[in-house]
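According to my numbering, the stretch in the sequence shown is residues 71 to 406, in order. Built from N, CA and C at the ideal position, the CB exists for glycine as well.
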Amino acid sequence: MTIKEIADKLGVSSTTVSNVIRGKDKQVSPAMKKKVQAALKEFNYTPNIGAVNLARKRSKIIGIIFFQMVNTENGLQDPFAAELIGSIEETIRQAGYYMMLYISDSITEIMYWLTGWNMEGLIVLGSSPVSRKELQERFHKPVVFIDSFLSSGEQNHYNVGLDDRGGAHDMTRYLLEQGHRKILFAADNLTNVDAVRYNAFRSAMKDFGLNTDKEDNFFLLEPQPDKLQKSMDTLCEKITSYTAVFCASDYYAVKLIGSFQDHGIRVPDDVSVAGFDDNYIAELCRPRLTTVHQDVSLKGSTAVRILTAVLEGRYNSGQEVLLPTKLIIRDSVRRI
Numbered sequence: 071m072t073i074k075e076i077a078d079k080l081g082v083s084s085t086t087v088s089n090v091i092r093g094k095d096k097q098v099s100p101a102m103k104k105k106v107q108a109a110l111k112e113f114n115y116t117p118n119i120g121a122v123n124l125a126r127k128r129s130k131i132i133g134i135i136f137f138q139m140v141n142t143e144n145g146l147q148d149p150f151a152a153e154l155i156g157s158i159e160e161t162i163r164q165a166g167y168y169m170m171l172y173i174s175d176s177i178t179e180i181m182y183w184l185t186g187w188n189m190e191g192l193i194v195l196g197s198s199p200v201s202r203k204e205l206q207e208r209f210h211k212p213v214v215f216i217d218s219f220l221s222s223g224e225q226n227h228y229n230v231g232l233d234d235r236g237g238a239h240d241m242t243r244y245l246l247e248q249g250h251r252k253i254l255f256a257a258d259n260l261t262n263v264d265a266v267r268y269n270a271f272r273s274a275m276k277d278f279g280l281n282t283d284k285e286d287n288f289f290l291l292e293p294q295p296d297k298l299q300k301s302m303d304t305l306c307e308k309i310t311s312y313t314a315v316f317c318a319s320d321y322y323a324v325k326l327i328g329s330f331q332d333h334g335i336r337v338p339d340d341v342s343v344a345g346f347d348d349n350y351i352a353e354l355c356r357p358r359l360t361t362v363h364q365d366v367s368l369k370g371s372t373a374v375r376i377l378t379a380v381l382e383g384r385y386n387s388g389q390e391v392l393l394p395t396k397l398i399i400r401d402s403v404r405r406i
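Following this line, the structure appears as structure tokens:
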């Protein structure tokens, strides 16, 4: 039913019903307020959110852009991405906003999507420097990036990241302290977060006077569904020259443990495996994964809180927030 129809049934003005709905009911008697609320419940009245927001000249929509690499598996299958987006959605809803998610590898598609909706702001996951630059040039509203690296000149944009360097350095030192010297770092790229983690790995290796040549200590995993298992198999053939593998994410670490087992390679007896993230699969796999913990849910909720604070004029802090990490020692790394 419409506001007018409810008002007619109660014998009051549409303004009275509207004021009760919007909480502007100081001029409405307690008895009338109760009567209107009962009628709203009886007739299952639901406000037209689009009309309400149009009247307020606000959409209350926060866009979530998830840049997914070409030909990779469904990005939401990754526990990290699933937990992050789940936290973002919950925090957006609690703040009284609405979430709209778009997943693509194409900045052209994303910009076309943005032009069709009156977003109040954006949260961006997995952006490259090129895509970030185009977003900043064409979208002139607040943007919060997650796990990006902003320059000092990027105004009106924010980043929620992690002490990736510290976490990777700590894990590498732990492996070294367990006696490992031939350690391989595995990732599917060397940009943004993975580049920071790899460089921290190399720094820790250098501190111990060890070889830091990329050709000897980095393995590039191919993330495409039709190529990932083949690259895992190749790594299994190569692993005899190493005593430990440090994967840039738990997702790859757990997949690698499975591949090792398929090839008769025992973890950690034959080779140790470490990961990064500490999502739920790290605890479920066997052996349980030694990894670097980050609070993924906190990362998502922090991004939303910064963006809503900016939209409401309550945020005056710096452009970047870096969350801490800590080592989680389980069963997949042995002392040699």
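Check	Outcome
Rounded straight-line distance, which links the Cα of Y115 to that of T72	8 Å
Distance CB(D347)-CB(V374) smaller than 8 Å	no
Straight-line Cα distance separating I162 from S319	26 Å
DSSP three-state assignment for Q331, whether helix, strand or coil	helix
Nearest residue (CA-CA) to M33, options V90, K111, F113 and E112	Outside the shown range of the chain (71 to 406) lies residue 33, about which nothing can therefore be said.
Neighbourhood of F150 by C-beta distance below 8 Å, restricted to the same chain and skipping five residues each side	S319, D320, Y321, D347, N349 and V366
Beta carbon of M170 nearer than 8 Å to that of E159	no
Identity of the residue in V266, V106 and S99 nearest G81 by Cα	V106
For P357 and L154, the rounded distance between their alpha carbons	25 Å
Three-way DSSP call (helix, strand, coil) for N262 in this model	helix
Alpha-carbon to alpha-carbon, K104 and V200	56 Å
Start-to-end residues for the alpha helix (DSSP H) that takes in Y244	D234 to E247
E190 to D217 span [Cα, whole Å]	21 Å
Identity of the residue in E112, I177 and Q164 nearest F136 by Cα	I177
Proximity below 8 Å, CB of L381 to CB of A314	no
Best match in Q147, W187, A77 and I180 for proximity to L205 [C-alpha to C-alpha]	I180
Under the three-state DSSP convention, the category D347 falls into	strand
Buried/exposed call for A270, threshold 16 Cβ in 10 Å	buried
Alpha-carbon to alpha-carbon, A379 and D95	27 Å
First through last residue of the beta strand (DSSP E) which encompasses M170	Y168 to S174
Pick from T372, G237, Q299 and S301 that is closest to H363, judged by C-alpha positions	G237
Sequence-distant residues of its chain with Cβ nearer than 8 Å to Q17 (five each side left out)	With the chain covering 71 to 406 only, the question about residue 17 has no answer from this structure.
C317 (DSSP reduced to helix, strand or coil)	strand
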